[in-house]
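Take a look at the structure set out below.
In the numbering used here, the protein residues as written are 1297 to 1433.
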């Protein structure tokens, strides 16, 4: 469930969605609504889903389906990677596109002379397969 600032105790665990909140705000400019509990300190899920539907209404292909549910995994590591690769997060004088390794990976490619070994040199005598297998097996 999309829940901003959820501070609901289930046993001793407190549940929240700070990464989802950050993702939606950063990538989609959507701010999740605050949770409103009734006088009995219970969540009115219908009201909350209506608030979410209003929050996502600016996205033409997004909707809240009242009788459907979808579960998925949110990868915070991917979110951090996307954030790190966002040119807006880099200083102008050191933009991500000014980094040679990034340019080579993303657009320009690597020069042929950048290779440590020519194509006709066998690599096994230099890095024996047993040595590699010991670290990756």
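Backbone N, C-alpha and C define an ideal beta-carbon position, used for all residues, glycine too.
Using a C-beta cutoff of 8 Å, does residue i count as contacting chain D?
i, result
"residue 1314", "As a matter of chain content, chain D is missing from the structure shown, which is built from one protein chain."
Comparing C-alpha positions only, which one of the options sits nearest to residue i?
i, options, result
"residue 1321", "1419, 1392, 1379", "1379"
"residue 1319", "1412, 1420, 1374", "1374"
"residue 1398", "1412, 1413, 1382", "1382"
"residue 1368", "1421, 1316, 1389, 1400", "1316"
"residue 1314", "1423, 1386, 1372", "1372"
"residue 1355", "1333, 1366, 1324", "1324"
"residue 1403", "1387, 1392, 1366", "1392"
Report yes if the CB atom of residue i is closer than 8 Å to the CB atom of residue j, and no otherwise.
i, j, result
"residue 1329", "residue 1348", "yes"
"residue 1326", "residue 1360", "no"
"residue 1339", "residue 1345", "no"
Which partner residues does residue i have in the DSSP bridge list?
i, result
"residue 1339", "1333"
What residue range does the alpha helix (DSSP H) around residue i cover?
i, result
"residue 1374", "1372 to 1381"
"residue 1319", "1314 to 1324"
"residue 1396", "1396 to 1399"
Any heavy atom of the ligand GTP inside 7 Å of the beta-carbon of residue i?
i, result
"residue 1371", "Annotation note on the ligand GTP: not contained in the displayed structure, which lists no ligands."
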